[in-house]
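The next block holds one structure in the form of structure tokens; read it before the comments.
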Amino acid sequence: MLTSIKSVGSHVPSGILTNADLERMVDTSDTWIRERTGIVERRIAAVDETATDLAADAARDALLAGGFAPEDTDLIVCSTSTPDSMFPSVASRVQERLGAHGPAFDVQAACTGFLYAISVADRFVSAGEAKQAIVIGTETLTKIVNFKDRGTCVVFGDGAGAVVLGPASDGAGIKACVLGSDGSGGDLIYVAPGADGPEGPGRPEIRMDGRRVFRFATEILAQATLQVLENANLRLEDVRMIIPHQANARIIEAAAKRLGVNGDVMVNNIANYGNTSTASIPLALKEAVGAQRLKRGDHVVLVGFGAGLTWGACVLQWEGAPVRVAA
Ligand code: UT7
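Shown next as structure tokens:
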């Protein structure tokens, strides 16, 4: 039995951090950020707003879009690098808020996490062990960004996206997933623990060798896309849409060029959200569906990369899942 995306939802914080705001914090400019990343603004969670808050609202949005009862949810897999605490998992916290049942757990594969989570949940649904699964990507990255480091603070933002998965109908659904990791690249992007100082415990912060991650990203997006299509016995020409992890508009453009596909195929919504790590693919998927860019029967590739270094891709045939456009 194949697994299908039954509905899509999202939730982003109401706080907005613009390039002009960042100009006042570090030596940068709106022009540099737009030209080098494509980002215009990103969302920023309030001090007391957690990854669980965003995740639960994104999950509710997806459930409402599809008309699903929260209590019928029998699996929650959540991907995050910024959980409220080491445990309980964000998935278990969301389960309690929804009144759901069954297994609930987090996966951690940084920006690739949503693809790892989809791939895991797919196995439960395909095996008949879950009928209404929710997969969530949620991040409050601005809580682990050093707002004195211009190489990272202009890039990252907060948000959450979610999909409801269930048994596919009409032969649509997830056709193949590929996942990968090369631990030798672990020092290219990581979270450094905060050092204790006179003012108390330090804040953990993201460290990144942007240039080297950039090079890896442009290659792996194209490679993983071609690999997953080969595994599904599909050709690039069969694909209506590719939704890449939204890390940098130039990475997306370079990957499109490598693959030889035009801008219409490659989704790019980084301008409004920045890099929301594991939330970026479901956020972009929801926008694409809301804009009616996908129709029933279309093939779509979800593809991403991130710390680890990790990467992943899924190809699926779209069953026509709804979104709530106003949400
Ligand atoms: O999602 C997880 C994975 N993360 C990524 O995919 C990130 C991938 N990397 C990137 O998106 C880009 O490397 C960045 C956006 C992080 C940086 O852009 P870049 O074009 O690779 O810049 P760079 O690091 O090569 O730096 C070029 C110049 C440097 O100045 P010099 O040495 O040429 O004088 C930097 O100091 O730009 C400078 N620079 C900045 N200038 C203004 C770096 N950050 C900034 C900034 N504002 N925010």
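Numbering of the sequence shown is given in this note's numbering, commencing with residue 19 and proceeding in unit increments. In this text, a Cβ means the ideal position worked out from N, Cα and C, and glycines have one as well.
Practice task
For the region 184–198 and the region 27–37, state whether three or more C-beta atom pairs, one from each stretch, are separated by less than 8 Å.
Solution key: Touching, no, given that fewer than three Cβ pairs across the two stretches are closer than 8 Å.
Practice task
Select from TYR208, ALA63, ASN290, VAL163 the residue whose C-alpha is nearest the C-alpha of ASN37.
Solution key: Position 19 of the sequence shown, counting from 1, holds the residue named residue 37. ASN37 has its Cα closest to that of ASN290, out of TYR208, ALA63, ASN290, VAL163.
Handout entry: As assigned by DSSP and simplified to three states, the class of GLU59
Key = Within the sequence shown, residue 59 is the residue found at index 41, counting from 1. Reduced to three states, the DSSP call for GLU59 is strand.
Problem - ALA331 classed as buried or exposed, judged by whether at least 16 other C-beta atoms fall within 10 angstroms - result: Here residue 331 refers to the residue found at position 313 when the sequence shown is read from its first residue. Classification for ALA331: buried.
Practice task
Measure the alpha-carbon distance for LYS24 versus ALA77 and round it to whole angstroms.
Solution key: Working through the sequence shown from its first residue, we reach residue 24 at position 6. Working through the sequence shown from its first residue, we reach residue 77 at position 59. For LYS24 and ALA77, the distance between alpha carbons rounds to 12 Å.
Practice task
Quickly, what does DSSP pair LEU197 with across the bridge? List them, please.
Solution key: Locating residue 197 in the sequence shown gives position 179, counting from the first residue. Per the DSSP secondary-structure output, LEU197 pairs in a beta bridge with GLY330.
Practice task
Go to ALA74, then tell me how far its alpha helix (DSSP H) extends in each direction, as first and last residue.
Solution key: The residue given as residue 74 occupies position 56 in the sequence shown. Going by DSSP, ALA74 is part of the alpha helix (DSSP H) stretching over 69–84.
Exercise for the section: Within 10 angstroms of the Cβ of ASN251, are there 16 or more other Cβ atoms? Answer buried if so, exposed if not. Expected result: Taking the first residue of the sequence shown as 1, we reach residue 251 at position 233. Here ASN251 is exposed. Its C-beta has fewer than 16 other C-beta atoms within 10 Å.
Problem - contact_flag[the region 265–282, the region 227–243] where n(CB pairs < 8 Å) is 3 or more - result: These segments touch.
Handout entry: Pair within 9 Å by beta-carbon distance, PRO340 and VAL307
Key = For this step, residue 340 is matched to residue 322 along the sequence shown. For this step, residue 307 is matched to residue 289 along the sequence shown. The Cβ atoms of PRO340 and VAL307 lie closer than 9 Å to each other.
Exercise for the section: Note down, in chain order, each residue of its chain lying with its Cβ closer than 6 Å to the Cβ of ALA345, except the 5 sequence neighbours on either side. Expected result: Within the sequence shown, numbered from 1, the residue matching residue 345 stands at position 327. Any reading at ALA345 needs caution, since the residue's pLDDT is 46, under 50, leaving its predicted position unreliable; the model's value is listed next. Cβ-Cβ distances below 6 Å link ALA345 to ASP79 in the same chain, with the five nearest sequence neighbours on each side left out; the list follows chain order.
Handout entry: Limits of the alpha helix (DSSP H) - the one that THR170 falls within
Key = If you number the sequence shown from 1, residue 170 lands on position 152. Looking at the DSSP string, the run of the alpha helix (DSSP H) that includes THR170 is 168–171.
Handout entry: the ligand UT7 heavy atom lying under 8 Å from the CB of TRP329
Key = Mapped onto the sequence shown, residue 329 falls at position 311. Not under cutoff, so the answer is no.
Exercise for the section: Can you tell me which of the three DSSP states ALA345 falls into? Expected result: For this step, residue 345 is matched to residue 327 along the sequence shown. For ALA345, the predicted structure reports a pLDDT of 46, less than 50, and the residue's modelled location is therefore unreliable. A value from the coordinates is still provided. In the three-state DSSP reduction, ALA345 falls in the coil class, being neither helix nor strand.
Practice task
Report the residue ranges of all alpha helix (DSSP H) runs contained in full by the region 277–339; include only those spanning at least 4 residues, in chain order.
Solution key: Complete alpha helix (DSSP H) runs here, min 4: 288–291, 298–308.
Handout entry: Alpha carbon of THR130 to alpha carbon of THR98, nearest angstrom
Key = What you label residue 130 is simply residue 112 of the sequence shown in a count that begins at 1. What you label residue 98 is simply residue 80 of the sequence shown in a count that begins at 1. For THR130 and THR98, the gap between their C-alpha atoms comes out near 10 Å.
Problem - Which residues DSSP lists as bridging TYR208, in chain order - result: Within the sequence shown, residue 208 is the residue found at index 190, counting from 1. In the DSSP assignment, TYR208 forms a beta bridge with ARG225.
Practice task
Excluding the 5 residues preceding and the 5 following GLY220 in the sequence, name in chain order all residues of the same chain whose CB lies nearer than 7 Å to its CB.
Solution key: The count along the sequence shown starts at 1 and reaches residue 220 at position 202. These residues qualify, in order along the chain: GLY212, ALA213, ASP214.
Exercise for the section: Kindly examine the ligand UT7 and report whether one of its heavy atoms sits closer than 8 Å to the Cβ of MET226. Expected result: As a working mapping, residue 226 is identified with position 208 in the sequence shown. The answer is yes for MET226.
Problem - THR91 and LEU81 closer than 9 Å at C-beta - result: Locating residue 91 in the sequence shown gives position 73, counting from the first residue. Locating residue 81 in the sequence shown gives position 63, counting from the first residue. The answer is yes: Cβ separation under 9 Å.
Problem - Distance cut-off 8 Å: ASP188 Cβ against heavy atoms of the ligand UT7 - result: Residue mapping note: residue 188 aligns to position 170 of the sequence shown, counting from 1. Distances taken from the Cβ of ASP188 to the heavy atoms of the ligand UT7 include none shorter than 8 Å.
Exercise for the section: May I ask you to list the residues that DSSP assigns as paired with PHE177? Expected result: The sequence position of residue 177 within the sequence shown is 159, counting from 1. One point to set straight first is that residue 177 is Gly, not Phe, in the sequence displayed. Answer is GLU157.
Practice task
Find out if the Cβ-Cβ distance for the pair SER107, PHE123 is shorter than 9 Å.
Solution key: In the sequence shown, residue 107 corresponds to position 89, counting from 1. In the sequence shown, residue 123 corresponds to position 105, counting from 1. Going by beta carbons, SER107 and PHE123 fall inside the 9 Å limit.
Handout entry: the region 172–188 touching the region 291–303, judged by at least three CB pairs closer than 8 Å
Key = Three or more Cβ pairs drawn from the region 172–188 and the region 291–303 lie within less than 8 Å of each other, which places the two stretches in contact.
Exercise for the section: For the alpha helix (DSSP H) holding ILE136, just list the boundary residues, first then last. Expected result: As a first step, residue 136 is located in the sequence shown; it is residue number 118 there, counting from the start. Taken as a continuous stretch (DSSP letters only), the alpha helix (DSSP H) holding ILE136 covers 131–144.
Problem - ASP200 CB to nearest heavy atom of the ligand UT7 below 8 Å - result: Sequence index remark: in the sequence shown, residue 200 carries index 182 (1-based). The answer is no for ASP200.
Handout entry: Between the CA atoms of MET43 and TYR208 - distance to the nearest angstrom
Key = Along the sequence shown, one-based indexing puts residue 208 at 190. Along the sequence shown, one-based indexing puts residue 43 at 25. Distance between the alpha carbons of TYR208 and MET43 is about 23 Å.
Practice task
Consider the C-beta atom of CYS129 and the heavy atoms of the ligand UT7; say whether any pair is separated by less than 8 Å.
Solution key: Here the question's residue 129 lines up with position 111 in the sequence shown. Flag set: Cβ of CYS129 near the ligand UT7.
Problem - Near the ligand UT7: ILE238 beta-carbon under 8 Å from a heavy atom - result: Reading the sequence shown from its first residue, position 220 is the one you call residue 238. In this structure, ILE238 has its beta carbon at no less than 8 Å from each heavy atom of the ligand UT7.
Practice task
Please say whether ILE94 and LEU116 have beta carbons closer to each other than 9 Å?
Solution key: Numbered from its first residue, the sequence shown carries residue 116 at position 98. Numbered from its first residue, the sequence shown carries residue 94 at position 76. Going by C-beta atoms, LEU116 is nearer than 9 Å to ILE94.
Handout entry: Simplified DSSP assignment, three categories, for LYS149
Key = Position 131 of the sequence shown, counting from 1, holds the residue named residue 149. Of the three classes helix, strand and coil, the one that applies to LYS149 here is coil, per DSSP.
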